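A short worksheet on the structure shown next.
There are 2 protein chains.
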Amino acid sequence: MKIGLLGHGVVGSGVSRIIDDGKTWEVRELEIKKILVKDESEMTDERMTLNAADILDDPEIDIVAECMGGLEPAHSFLMRALKNGKHVVTSNKKMLATYCEDLFDLARENNVTVHYEASCGGGIPWMASLDRTRRVDDIDSFRGIFNGTTNYILSRMSKEGSSFLDVLKDAQKLGYAEQDPTDDIDGYDVRYKVALSAVKAFDSVISASDIITFGIRSISADDLAWCREKGLTCKLIGKGAYHGDHISACVIPMFLKNSDVFSNIPMNFNAIESSSGTLGAAVFVGQGAGSLPTAHAVVQNVIDIWKDQDSEINPKFKKPVDNSSCEGVYYIRTEKPEAFSAVCAEKVSDSVLITKKTSLVEIQKMIHDAQDESLFIAEVDSL
Amino acid sequence: MKIGLLGHGVVGSGVSRIIDDGKTWEVRELEIKKILVKDESEMTDERMTLNAADILDDPEIDIVAECMGGLEPAHSFLMRALKNGKHVVTSNKKMLATYCEDLFDLARENNVTVHYEASCGGGIPWMASLDRTRRVDDIDSFRGIFNGTTNYILSRMSKEGSSFLDVLKDAQKLGYAEQDPTDDIDGYDVRYKVALSAVKAFDSVISASDIITFGIRSISADDLAWCREKGLTCKLIGKGAYHGDHISACVIPMFLKNSDVFSNIPMNFNAIESSSGTLGAAVFVGQGAGSLPTAHAVVQNVIDIWKDQDSEINPKFKKPVDNSSCEGVYYIRTEKPEAFSAVCAEKVSDSVLITKKTSLVEIQKMIHDAQDESLFIAEVDSL
């Protein structure tokens with residue numbers, strides 16, 4: 161199999177290293193023919209090119225592996241690759257969660273497939289396990305710690321009693337958080353991963369923008385102190401569930417019981433759980449990011465294509481996201497507690513309340529109406 | 161694919177239920193033609209028979225799935241099935257760990273395969289993930305909580321400060337432990353699973369009896385109190401590592417840091433971790449036993465055979481188990497502390513000592529020479 165690699169950064173260089181090393185007979189069947197790099201300074205071997213057409217229009221290339229990141233030009237490049245009858249492997253969650261419907265349709269028209277194990281959970285064989293479980297059973301639901309940066313921030317805040325901003329700044333200094341941390345701390349990174357997990361788990365395309373999303377930007381040391389006092393641990397959780405004609409999905413900080421497996425996932429790890437009728441709960445824990453684990457997932461997908469080119473893996477159907485059946489008990493800290501009086505079950509302080517069991521959609525409306533930028537919400541697993 | 165099912169107990173009845181239900185198109189391609197049951201009272205549908213030959217010698221049956229347990233007649237039945245050119249799927253860890261070399265050789269001679277995902281980790285897709293990881297990388301090592309019964313006993317002893325015998329009796333009453341608990345509490349159940357995991361992870365047959373094995377039969381409330389005081393949690397761990405020309409493997413209680421993912425695995429769950437160069441640490445957590453999770457794994461293997469009948473999955477080569485490179489710090493409680501004076505680093509009490517870093521093989525010899533039935537040993541992860 162001849163592969164064209166788009167991008168040679170953290171993930172792309174890992175992919176070329178694994179394939180060039182050729183540790184197993186499967187990997188030795190693969191060959192990277194060309195690598196698209198950003199500028200002259202990256203041109204370190206003869207396979208490298210600055211011209212995407214050298215890869216996208218080369219009839220000898222069977223598979224295009226995209227590790228560029230960003231919406232464009234990654235999206236247009238992959239559309240062109242699919243039109244030219246090439247299979248696609250991508251680690252780009254944001255781009256795929258945004259355009260998966262178009263890409264899947266185009267792939268189907270051209271009898272090729274789009275693979276994306278590396279887009280979600282890095283090296284965790286999460287997507288592959290969903291595929292495998294679905295051969296025997298439906299997936300009923302999933303939940304996960306999908307983001308290492310927020311897991312790191314929450315773990316350190318909780319351990320040290322420090323403020324969100326102090327830990328964020330330190331995480332940025334140490335390279336655990338981006339200089340623009342919006343995608344991580346506002347939950348968008350998790351939202352993309354939940355969208356793609358839902359595609360795989362429930363075999364349906366969904367709109368990522370319909371996923372209710374709350375991040376941890378406004379969390380305070382006091383919120384975590386209350387959480388700890390109640391024997392709970394705070395994690396940013398993405399989750400999805402199947403309801404036949406629709407799918408529910410959200411991203412929300414959760415106060416989980418300390419005994420929950422998720423409460424004890426180390427700082428830089430991800431953990432994702434699927435539930436199905438016969439298998440029950442199955443949890444996968446691993447490095448959710450990093451050059452080699454993510455590159456490993458890209459190479460696995462290349463081997464999947466090589467071994468089973470005819471399999472139809474991209475869903476045809478689209479299902480709506482509808483969270484109206486999602487109910488929970490919520491912890492809300494707000495400067496406008498009066499906006500939540502209709503659902504308040506307990507006042508923890510002047511600014512903190514615990515709701516009675518309420519629909520998440522209703523809570524979302526109230527939050528929207530309250531217009532309180534500093535508001536923090538977490539779902540409380542159990543009290 | 162036509163399947164002959166040997167045994168219709170906890171696992172076997174789960175297999176027939178999943179296949180008869182036919183939830184997915186893959187499962188609907190499978191058909192159970194005959195089921196071997198123990199006696200007339202189990203003959204509840206027309207596919208059932210009391211005569212194994214009806215299955216083993218039926219040329220229409222492609223796959224024999226064995227869920228009987230025990231060494232014989234399971235072993236002879238599967239030898240006969242392989243001779244007759246049938247693929248074999250088994251959930252029987254004790255039988256397979258004992259006879260895998262013979263069974264694999266016979267399978268190879270007859271161009272068929274032996275599959276055993278259900279033999280280890282129940283519903284956890286552990287074996288399948290090892291197969292997948294090995295397409296790209298070597299597995300360097302693995303470790304796991306492979307046994308639910310001992311995990312339950314240790315969790316309850318630790319929580320309640322109760323004695324081993326009290327918790328064991330209660331576990332037997334509740335059905336969490338067998339009436340003859342030897343295989344579980346002396347570590348033999350874990351030994352079989354470590355042997356089969358090593359076969360899969362390192363692509364080599366090994367002798368289960370060469371795996372150094374210590375159980376939890378002699379653990380006391382005081383041992384656990386010391387462990388807790390040091391911020392550690394006790395788990396019965398099975399582990400294996402690859403060293404090129406040999407494999408090391410042992411079963412031993414370990415005092416792990418409380419922050420270790422393994423320290424927080426719920427009572428009735430199993431957890432297994434693999435390590436490889438590119439993927440790093442990947443942990444799988446799930447129900448290690450139970451009718452449907454284990455049956456799910458059997459059905460997955462049947463689908464594996466159906467989808468890819470030509471693949472060579474059973475290793476040809478045998479490698480020795482050699483633990484001489486395994487070193488650790490050990491907690492030893494014994495009535496004969498003098499037998500360990502050469503390796504003692506710290507005396508905790510008259511009967512409890514912590515060793516300096518010592519070879520496990522050396523410790524094993526000293527334990528053998530000490531002849532102290534009540535001795536308890538645990539490896540200390542870190543102090």
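So the protein lines, in turn, are chains V and R.
Heads up: take any position in the first sequence, counting from 1, add 160, and you land on the working numbering.
Heads up: take any position in the second sequence, counting from 1, add 160, and you land on the working numbering.
Ideal Cβ placement from N, Cα and C applies to all residues, glycine included.
None of the values given here were measured: they were computed from a predicted structure.
Closer than 8 Å by beta-carbon distance: list the chain R residues that pair up with residue i, in chain order.
i: glutamate 186 (chain V); result: Arg295 and Val296
i: alanine 455 (chain V); result: Thr438
Whose Cβ in chain V lies nearer than 8 Å to the Cβ of residue i?
i: arginine 292 (chain R); result: Pro285, Ala288 and Gln460
i: leucine 452 (chain R); result: Gly437, Thr438, Leu439 and Gly440
i: isoleucine 120 (chain R); result: Nothing about residue 120 (chain R) can be read from this structure; chain R reaches only from 161 to 543.
Can you tell me the Cβ-Cβ gap for residue i and residue j, rounded? I've got them flagged as a contact below 8 Å.
i: threonine 310 (chain R); j: isoleucine 397 (chain R); result: About 10 Å; that fails the 8 Å criterion.
i: isoleucine 299 (chain V); j: serine 436 (chain V); result: 5 Å
i: isoleucine 371 (chain V); j: alanine 381 (chain V); result: Contact flag wrong, Cβ pair sits at about 28 Å.
i: alanine 358 (chain V); j: glycine 400 (chain V); result: 4 Å
i: phenylalanine 422 (chain V); j: lysine 395 (chain V); result: 6 Å
i: valine 411 (chain V); j: valine 489 (chain V); result: Their Cβ separation, rounded to whole angstroms, is 18 Å, which puts valine 411 (chain V) and valine 489 (chain V) out of contact at 8 Å.
i: threonine 250 (chain V); j: serine 289 (chain V); result: Threonine 250 (chain V) to serine 289 (chain V), Cβ: 19 Å. No contact.
i: lysine 542 (chain R); j: lysine 417 (chain R); result: Checking the sequence, you will find serine at residue 542 (chain R) rather than lysine. Confirmed, Cβ separation roughly 6 Å.
i: valine 462 (chain R); j: methionine 161 (chain R); result: 7 Å
i: alanine 499 (chain V); j: alanine 530 (chain V); result: 4 Å
i: isoleucine 192 (chain V); j: alanine 455 (chain V); result: About 12 Å separates the two Cβ atoms, so there is no contact after all.
i: aspartate 222 (chain R); j: lysine 243 (chain R); result: Not quite, the Cβ-Cβ distance comes to about 15 Å (not below 8 Å), so this is no contact.
i: leucine 256 (chain V); j: leucine 263 (chain V); result: 7 Å
i: tyrosine 336 (chain V); j: tyrosine 312 (chain V); result: 5 Å
i: tryptophan 286 (chain V); j: isoleucine 163 (chain V); result: The pair is not a contact, with the Cβ atoms about 23 Å apart (cut-off 8 Å).
Quick one: is residue i buried, meaning 16 or more other Cβ sit within 10 Å of its Cβ, or exposed?
i: arginine 351 (chain V); result: buried
i: lysine 198 (chain R); result: exposed
i: alanine 321 (chain R); result: Position check: residue 321 (chain R) holds glycine in this sequence, whereas alanine was assumed. Glycine 321 (chain R) comes out exposed.
i: glycine 182 (chain R); result: exposed
i: asparagine 211 (chain R); result: exposed
i: tryptophan 185 (chain R); result: exposed
i: threonine 342 (chain R); result: exposed
i: phenylalanine 477 (chain V); result: exposed
i: proline 233 (chain V); result: exposed
i: alanine 213 (chain V); result: exposed
i: glutamate 200 (chain V); result: exposed
i: leucine 513 (chain V); result: buried
i: histidine 528 (chain R); result: exposed
i: serine 236 (chain V); result: exposed
i: proline 219 (chain V); result: exposed
i: arginine 188 (chain R); result: exposed
i: threonine 204 (chain R); result: exposed
i: valine 503 (chain V); result: buried
i: glutamate 277 (chain R); result: buried
i: serine 419 (chain V); result: exposed
i: aspartate 464 (chain R); result: buried
i: aspartate 344 (chain V); result: buried
Can you pull the chain R neighbours of residue i, defined as C-beta to C-beta under 9 Å?
i: glutamine 447 (chain V); result: Leu439, Gly440, Ala441 and Ala442
i: lysine 395 (chain V); result: Those within 9 Å of lysine 395 (chain V) in chain R number zero; the least Cβ separation is about 13 Å.
i: lysine 183 (chain V); result: Val296, Asp297, Asp298, Gly437 and Thr438
Looking at the strands, I want to know which residues DSSP matches up with residue i.
i: phenylalanine 264 (chain V); result: Phenylalanine 264 (chain V) pairs with nothing; no bridge assigned.
i: alanine 161 (chain R); result: In the sequence as displayed, the identity of residue 161 (chain R) is methionine instead of alanine. Partner(s): none; methionine 161 (chain R) has no beta bridge.
i: phenylalanine 536 (chain R); result: R:Arg493
i: proline 413 (chain V); result: V:Leu396
i: serine 301 (chain V); result: V:Ala401 and V:Ser435
i: serine 364 (chain R); result: Serine 364 (chain R) pairs with nothing; no bridge assigned.
i: methionine 208 (chain R); result: R:Ile195
i: cysteine 504 (chain R); result: R:Thr515
i: asparagine 430 (chain R); result: R:Gly446
i: tyrosine 440 (chain R); result: Note that residue 440 (chain R) is glycine in the sequence shown here, rather than tyrosine. Paired residue(s): R:Ser436.
i: threonine 184 (chain V); result: DSSP output for threonine 184 (chain V) lists no bridge partner at all.
i: lysine 478 (chain V); result: V:Val365
Under 9 Å between beta-carbons, which chain V residues line up against residue i? List them in chain order, please.
i: serine 419 (chain R); result: Asn424 and Pro426
Using a cut-off of 7 Å between C-beta atoms, extract the partners of residue i located in chain V.
i: isoleucine 178 (chain R); result: Val296 and Thr438
Stretch pair the region 420-428 of chain R + the region 264-274 of chain V: three plus CB contacts closer than 8 Å: No: the two stretches stay apart, fewer than three of their Cβ pairs being nearer than 8 Å.
Cβ contact (3+ pairs, closer than 8 Å) linking the region 402-411 of chain R and the region 479-488 of chain R: Yes, the region 402-411 of chain R touches the region 479-488 of chain R.
The region 217-234 of chain R contacting the region 162-178 of chain R, beta-carbon criterion three pairs below 8 Å: Yes: at least three Cβ pairs fall under 8 Å.
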